[in-house]
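See structure below.
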Amino acid sequence: MRPAPMILIVAAVGLLVAGCASSPTAPGSTSAAAAVASSPTAAASPDPWAGDLSLLDEQVRALHPDPFAINPQSAWVAKLAELHQTLPGATPDQRIVQIASLVGLLDTHSSLSGPFHSYDVLVYPFKDGWFVVRAKDPTLVGSKLVSIGGHPTADIEAAMRPLVPADNESGKLDGLQGSMTTVEFLHGLGIVDDPAKPRFVFERAEGTQFTVDLTSEDQSIWELQLGIIGYLLGDAPEAVARRGEAAWARLDKRTKTFLIGYNDYTEDGLTKPLAAMKAALDNGAATRVILDMRYLRGGDGGLAQPLIDALASDRRINRPGGLIVLIGRENVSAGTVVAGALDRETKATLIGEMTPARADNFLCDCSDILLPDSRLTVTVPTQFLRNGDPRPAVEPDIPFALTAADFFAGKDPALELALKRRPPAP
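Per the working numbering: the sequence shown = residues 3 to 428.
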């Protein structure tokens, strides 16, 4: 399994998500819908992207282990027929949106990429709204996104949802994050009339609103310039500030809890944390473990097996109250596999958000379908975990969604809740 791309997932895993047959010509926002619906429909000349549509249909059916697991084949066929009618009269960015609406019928593991651009902010959907967590202009961090191009944030999100392939709601939220500031999507949906003047309206903590015409970058440059290693970024709380570390650990002496943060798959990244965990349990400094894997994305899940084995095999940990696992919407691909294994093989209490993929997950190796006329690439999984777990996600025992108010105050209420839970005696 390879890590899910942070960007270039504009209609799939990392950036976009969708699970309905809604057409982008009928997005959730009335104003956005009108902008798209007013574009020309079928033209007399043949669709120059018709060959791409046929190739995409053929290759998705040939490569994907179950392309209609989320939406029925009938929705896919209907969307193909619709696009053959609407693509000829559409502008270049409207065409991208329309192709994205087809890819949006697939799953969290599928994606659309291309020569796309992003405005110079990273916004995150907290429980209390969309807020800037990283920006080229650092003074924007902490501001609430109110509107773009005169369209309220809620309407933009509704218009974007059909373009984002996803297994479930967490997959939607994870995938939506990049699409909310992707230039081609905003322009193709009619949300932004002039890409050079997008009219982002933000609101500061004290309630004042202001308008900014953000600049944009090629998405690969955007990712590097903003230092995007995940979708929730900041200097606090600890778990977010340390997400660049493959694994880290510390002892909470007050509660006698050993805390492991697990963020990436490496050959030896777990060696020291697991040794320290065993030592703390052996000498009585710790009586339970909290595993924080909220920011573990995709990768080689086999490298997580030593951690799973250590937690499952130690009776001091694998008992009621002995293990708490924090999970979240960023647990794509192998992240879902690890969460599912811990859920099935241990007596852990899970706290947080559901995983973004089904418990019986699609996997990479993935295949890229190159569309020569549109210059777009659709990536699809080629493997299926086939563990027999029918759940649409690995669900937390205690659901918990983060608010912007807590995050920007440097608080981690999910971890605080986990530390306050008093386990029964061993």
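In this text, a Cβ means the ideal position worked out from N, Cα and C, and glycines have one as well.
Simplified DSSP assignment, three categories, for residue i
i, result
"Val-339", "helix"
"Pro-394", "coil"
"Gly-451", "The chain is shown only over 3 to 428; residue 451 falls outside these bounds and no answer can be derived."
"Arg-377", "coil"
"Phe-410", "helix"
"Ser-113", "strand"
"Leu-124", "strand"
"Pro-29", "Legend: pLDDT at Pro-29 = 29, less than 50; position of this residue unreliable, no value from coordinates given."
"Lys-422", "helix"
"Leu-283", "helix"
"Ala-46", "At Ala-46 the pLDDT is 35, less than 50, meaning the model places this residue with poor confidence; the figure from the coordinates comes in the next sentence. If DSSP states are grouped into helix, strand and coil, Ala-46 belongs with coil."
"Leu-234", "coil"
"Glu-60", "helix"
"Lys-174", "helix"
Cβ neighbours of residue i in the same chain (closer than 8 Å, five flanking residues each side left out)
i, result
"Cys-366", "Met-3, Arg-4, His-111, Gly-300, Ser-335, Pro-383, Thr-384, Gln-385"
"Leu-124", "Val-134, Val-135, Arg-136, Ala-137, Gln-179, Thr-183, Leu-228, Ile-230, Tyr-233, Leu-235"
"Val-148", "Pro-154, Thr-155, Val-203, Phe-204, Glu-205, Gln-211"
"Ala-238", "Gly-412"
"Leu-419", "Ile-353, Ile-400, Phe-402"
"Leu-82", "Leu-55, Asp-59, Leu-104"
Spatially closest choice to residue i from the options, by CA coordinates
i, options, result
"Asp-95", "Leu-253, Thr-183, His-189, Leu-387", "His-189"
"Asp-408", "Arg-317, Ser-172, Leu-417", "Leu-417"
"Arg-388", "Gly-342, Asp-270, Gly-354, Ser-376", "Gly-342"
"Leu-396", "Ser-115, Val-339, Glu-347, Leu-378", "The amino acid occupying residue 396 in the given sequence is Val; Leu does not appear at that position. With distances taken between Cα atoms, Val-396 lies closest to Val-339."
"Ile-400", "Gln-75, Leu-352, Phe-410, Pro-358", "Leu-352"
"Asp-362", "Ile-72, Asp-59, Met-162", "Ile-72"
"Glu-219", "Pro-117, Asn-285, Lys-422", "Pro-117"
"Pro-67", "Ala-403, Leu-419, Phe-364", "Phe-364"
"Asn-265", "Val-242, Met-162, Arg-256, Ala-281", "Val-242"
"Gly-177", "Pro-127, Leu-142, Asp-157", "Pro-127"
"Asp-370", "Pro-415, Ser-115, Pro-69, Trp-132", "Ser-115"
"Thr-381", "Ala-248, Ile-223, Pro-392, Cys-368", "Cys-368"
"Ser-181", "Gln-307, Gly-144, Trp-132", "Trp-132"
"Leu-65", "Ile-223, Leu-404, Pro-394, Leu-372", "Leu-372"
"Ile-150", "His-119, Val-185, Thr-141", "Val-185"
"Met-162", "Ser-113, Ala-312, Asp-391, Val-99", "Val-99"
"Pro-445", "Gln-75, Ala-102, Val-143, Asn-170", "Because the chain in this structure spans residues 3 to 428, residue 445 falls outside the shown range and cannot be described."
"Ala-359", "Lys-174, Asp-311, Ile-326", "Lys-174"
"Arg-256", "Pro-69, Val-194, Leu-421", "Leu-421"
"Ser-120", "Trp-224, Ala-278, Asp-391, Asp-284", "Trp-224"
"Ser-113", "Arg-318, Pro-69, Asp-270", "Pro-69"
Residues bridged to residue i (per DSSP)
i, result
"Ser-103", "According to DSSP, which records beta bridges pairwise, Ser-103 is partnered with nothing at all."
"Phe-260", "Leu-253, Val-291"
"Cys-368", "Pro-383"
"Pro-401", "Gly-354"
"Asp-1", "Nothing about residue 1 can be read from this structure; the chain reaches only from 3 to 428."
"Ile-326", "Ile-292, Thr-351"
"Glu-205", "Lys-146, Gln-211"
"His-153", "Ile-150"
"Thr-141", "For Thr-141, which the question treats as bridged, DSSP gives no partner whatsoever."
"Arg-136", "Leu-124"
"Thr-184", "Ser-120"
Distance CB(residue i)-CB(residue j) smaller than 8 Å
i, j, result
"Arg-244", "Gly-232", "no"
"Arg-201", "Gly-152", "yes"
"Ala-406", "Asp-122", "no"
"Ser-172", "Met-295", "no"
"Phe-260", "Val-291", "yes"
"Pro-164", "Gly-106", "yes"
"Pro-167", "Asp-109", "yes"
"Leu-253", "Ala-288", "yes"
"Tyr-267", "Gly-324", "no"
"Leu-57", "Leu-85", "no"
"Ala-306", "Pro-275", "no"
Same chain, Cβ closer than 7 Å to residue i, five either side skipped, listed in chain order
i, result
"Pro-398", "Ile-329, Leu-352, Ile-353, Gly-354, Glu-355, Met-356"
"Asp-375", "Pro-50, Trp-51, Gly-53, Asp-54"
"Gly-144", "Phe-133, Val-134, Ala-207, Phe-410"
Cutoff 6 Å; reference residue i; Cβ partners in own chain excluding five residues on either side
i, result
"Leu-309", "Leu-272"
"Trp-78", "Leu-107"
"Arg-423", "none"
"Glu-347", "Ala-314"
"Pro-415", "Asp-408"
Cβ-heavy atom distance, residue i to the ligand HEM, below 7 Å
i, result
"Leu-89", "Ligands displayed in this structure: none; no statement on the ligand HEM is therefore possible."
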